[in-house]
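Sequence order for the protein chains is H and R. Just so it is clear: in the first sequence, position 361 is 416 by my numbering, and no numbers are missing. Just so it is clear: in the second sequence, position 298 is 353 by my numbering, and no numbers are missing.
Protein chains: 2
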Amino acid sequence: ISEKRNADLQSMMQEFHYADIAEIADELDVDEATYLIKLLESEKTSDILAEMHEDIREAVLKNLTAKEIAGELEELDTDDAVDIINELPKEMVQEVISEIEDREHAKHIVDLLRYDEDSAGGLMAKELVKVNENWNVLTCVKEMRAQAENVTRVHSIYVVDDEGRLKGRLSLKDLLTTSTKTNIKDVYIPKVDSVTVNEKGEEVAKIMSKYDLEAIPVVDEVGRLVGRITIDDIVDVIKEEADKDYQMAAGISQDVEADDDIWVLTRARLPWLILGLLGGLGAAAIMGGFEEMISKHAVLFFFTPLIAAMAGNVGVQSSAIIVQGLANDDLKGSISNRLIKEMLLALLNGLILATLLLIFTWVWKGAFTTALAISLSLVVVIVVAGLIGTFIPLFLHKRNIDPAIATGPFITTSNDIFGILIYFSIAKIILGI
Amino acid sequence: ISEKRNADLQSMMQEFHYADIAEIADELDVDEATYLIKLLESEKTSDILAEMHEDIREAVLKNLTAKEIAGELEELDTDDAVDIINELPKEMVQEVISEIEDREHAKHIVDLLRYDEDSAGGLMAKELVKVNENWNVLTCVKEMRAQAENVTRVHSIYVVDDEGRLKGRLSLKDLLTTSTKTNIKDVYIPKVDSVTVNEKGEEVAKIMSKYDLEAIPVVDEVGRLVGRITIDDIVDVIKEEADKDYQMAAGISQDVEADDDIWVLTRARLPWLILGLLGGLGAAAIMGGFEEMISKHAVLFFFTPLIAAMAGNVGVQSSAIIVQGLANDDLKGSISNRLIKEMLLALLNGLILATLLLIFTWVWKGAFTTALAISLSLVVVIVVAGLIGTFIPLFLHKRNIDPAIATGPFITTSNDIFGILIYFSIAKIILGI
């Protein structure tokens, strides 16, 4: 399609939403995508760039001059512009910024670059509508009109004092129904939720979704209004957070995708597999220690994968519930209560499973004592696995370490080792060897 | 605190946001929470109820009369009211609805009750601002003012024709800057994204976050505007979806929380554990089939937990990446390309891990041939595990089954069995027994 029929392409693309064009561009190769971006007017292409897949955008940006990139950034809200600048090679950032013609916009971008990407400062945009508490309604409306031109969507009108400190917000309704001479001081709503620039993105997400906010103002350390965060950025934070926890639970570090190359994927996956390998070697060493039992009770050794699997599964289940509860902030009560509950739960599950196992093994192998030894160990293994799975994430959380790392191979591996140790120890006692 | 100091409590609670009071209510026992709810005015309590934890809300609602509940519902938007009605016992629903004084509101609620909770119809609210394309700006503004009273936040003004079919939307800016005699027909924007009532919540979430929408109109099968969904409801859908996938991966069916009681948690966890048990029994049976190798090569049996763990880990890793790619809609290309890529990736990881294992086992046990047999099997096991982990979710997705069920114990269990079978078969060939 992309074979020079410019006019057709242009009119075709006119019809599409920029998010759809971004999707199309993601499927093209880099040269075609660059061609497409250069073809369309920059008002649309800037939005397309903002929506495109990071990797492809990075490649396309390499094909554009600093001036072209600056032109695109000028059309974007400051928060999206900063996201794109963060992907540019360092030596190019300076050049691109100096090419931005709107100096106000450039200054805002430079301000925003200071903040950590995952903080409220890194998420916020400079575009907002603010009015001074000492103005009257008439001045206010005039100023608002000028400011609103730069703001895509007006969520709230923020009220600040002479030093720029956030005082409250103004409802559009009140503004339109009061006399033009009224002072803003007398009509604004002094209650407004806000976050400081250093607040973590995750926390901002929690606050916004708890209070059902669509935008939240951001203030600096002394309370001056410096930006605002809108809900669409927060939706992305929530999704990334969920993806991260999910990957951790599956034993994948770093944020990878199915389309990343093999080296990136290996780097994310191999460390956890090595951990699993070490765990397996540990288990092998433990079994080596019980080698003398092999001649009389070979069947015990056949059940080690079962014991390891059950220990791993129970550990993952109980840790996942705790990790999720911590993430959603709805864990109440003390650690010891949690542990007691998990113990009862594991005991219940363990007894049911052990009974099934006992009946099955007894019928299959005919050796009741062996079957009993295996089943009893299973109960203990499950209880211990449940307790470890509950305790480790709570412990990590107390120490301010992300408990999500505990759900994956970490729990599975440690539970494998403990499980097999417990299993053989108990079996040895019961079988009296 | 809750010991009768009503006046103090009332003035204290006045200061709090309803979401905070809801959190406090969640921590109280049911009687105290009921007491608190009855104490405050219904404008606030209805919001508190809507934000409270489901289980506690259900208990509190049992203590209220149908009339009291109806009073609360009257203050709520229709979508939140429907959520609460869905929790009431069936015999009470009729009574509560008949107690709602505002008949219009009651009718809307009854309309919404028809839809599946997870569909666009179940998520939408009836509160919206709509104008007829044949009105002029003046009528339109008057009508809007009346309608806006019932709508907490006006996101868009929707334009419909005489039959109520959605035609487009109107920008507030245009409305204020055109003459009052202009017909709406001439100023509205005919392009508007919408979803139909039967669209799945998940799909609505995808559309809204792709186009960064803050509200989306919902139409029925013939295009008539019937409601609108706001982004705050979608944030909840996204969170639930992520939580569900995460729990599935951890082997927990149903939506459970750490604070649910032991029976509920057992019901969610036990089925997956039984699956694991059966897998373990399968593995034991396979090992029983290779029993004759135990006298000469006992060490092979010590490595079974390692093999099972590696097969499980690799399977979970590769399936998690696929499941996440499917959920985010960014998997492109054919299944066979995916499988080839995963094979190369698993081969790379497998060779690195096998080399480590070979060196370690050789040094430890001194038997090179055995060490080689174990390591070579490990490579094959990892490759097969990776392929199974990639194929199963893709296959389930093609068959319209949620691929998330494949990430958890399902993959682990089948990989355990295959892994051990492959391991012993290859070892047998190499060791020549």
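A virtual CB, placed ideally from N, CA and C, is assigned to each residue, including glycine.
What are the start and end residues of the alpha helix (DSSP H) that includes residue i?
i                      : result
residue 284 of chain R : Here residue 284 of chain R belongs to no alpha helix (DSSP H); instead the beta strand (DSSP E) covers 280-285.
residue 52 of chain H  : Look at the range of chain H in this structure, 56 to 488, and you will see that residue 52 of chain H is not part of it.
residue 73 of chain R  : 73-82
residue 258 of chain R : 256-265
residue 444 of chain R : 423-453
residue 353 of chain R : 353-357
Can you tell me where the beta strand (DSSP E) with residue i in it begins and where it stops?
i                      : result
residue 185 of chain H : 184-187
residue 270 of chain H : 270-274
residue 487 of chain H : No beta strand (DSSP E) contains residue 487 of chain H, which DSSP labels as neither H nor E.
residue 27 of chain R  : Coverage of chain R is limited to positions 56 through 488, which leaves residue 27 of chain R absent and any answer about it impossible.
Classify residue i as helix, strand or coil using the three-state DSSP reduction.
i                      : result
residue 238 of chain H : strand
residue 463 of chain R : coil
residue 468 of chain R : helix
residue 158 of chain H : helix
residue 322 of chain H : helix
residue 191 of chain H : strand
residue 211 of chain H : coil
residue 89 of chain H  : helix
residue 373 of chain H : helix
residue 233 of chain H : coil
residue 175 of chain R : helix
residue 311 of chain R : coil
residue 456 of chain R : coil
residue 293 of chain R : helix
residue 481 of chain H : helix
Do residue i and residue j have their C-beta atoms closer together than 9 Å?
i                      : j                      : result
residue 155 of chain H : residue 125 of chain H : yes
residue 394 of chain R : residue 445 of chain R : yes
residue 127 of chain R : residue 100 of chain R : yes
residue 292 of chain R : residue 256 of chain R : yes
residue 284 of chain H : residue 273 of chain H : yes
residue 108 of chain H : residue 136 of chain H : no
residue 411 of chain H : residue 332 of chain R : yes
residue 474 of chain R : residue 434 of chain R : no
residue 424 of chain H : residue 485 of chain H : yes
residue 225 of chain H : residue 202 of chain H : no
residue 307 of chain H : residue 297 of chain H : no
residue 295 of chain H : residue 379 of chain R : no
residue 431 of chain R : residue 409 of chain R : yes
residue 335 of chain H : residue 471 of chain H : yes
residue 215 of chain H : residue 185 of chain H : yes
residue 353 of chain R : residue 258 of chain H : no
residue 357 of chain H : residue 338 of chain R : yes
Among the options, which residue has its Cα nearest to the Cα of residue i?
i                      : options                       : result
residue 277 of chain H : H/235, H/220 and H/118        : H/220
residue 303 of chain H : R/317, R/310, R/375 and R/268 : R/375
residue 121 of chain R : R/160, R/143 and R/410        : R/143
residue 401 of chain R : H/470, H/377, H/416 and H/328 : H/328
residue 213 of chain H : H/350, H/233, H/190 and H/235 : H/190
residue 467 of chain R : R/485, R/151 and R/447        : R/447
residue 217 of chain R : R/187, R/201 and R/195        : R/187
residue 147 of chain R : R/340, R/399, R/169 and R/117 : R/117
residue 79 of chain H  : H/103, H/473 and H/299        : H/103
residue 172 of chain R : R/288, R/131, R/112 and R/149 : R/288
residue 72 of chain R  : H/454, H/268 and H/340        : H/268
residue 131 of chain R : R/163, R/150, R/111 and R/114 : R/163
residue 477 of chain H : H/372, H/389, H/455 and H/365 : H/365
residue 457 of chain H : H/377, H/408, H/112 and H/246 : H/377
residue 233 of chain H : H/260, H/223, H/392 and H/195 : H/195
residue 160 of chain H : H/134, H/176, H/261 and H/428 : H/134
residue 248 of chain R : R/237, R/240, R/260 and R/239 : R/260
residue 275 of chain R : R/252, R/266, R/263 and R/262 : R/252
residue 145 of chain H : H/168, H/129 and H/254        : H/168
residue 398 of chain R : R/371, R/301 and R/440        : R/440
residue 75 of chain H  : R/81, R/264, R/370 and R/254  : R/264
residue 367 of chain R : R/419, R/469, R/299 and R/316 : R/469
residue 451 of chain R : R/240, R/262, R/437 and R/390 : R/390
Let me see if you follow: with CB-CB separation under 9 Å, is residue i close to chain A or not?
i                      : result
residue 220 of chain H : Although the question refers to chain A, the structure presented lacks it and instead comprises the protein chains H and R.
Original post:
Whole alpha helix (DSSP H) runs in the segment 94-138 of chain H with 4 or more residues, listed along the chain?
Top reply: 97-106, 109-117 and 121-130
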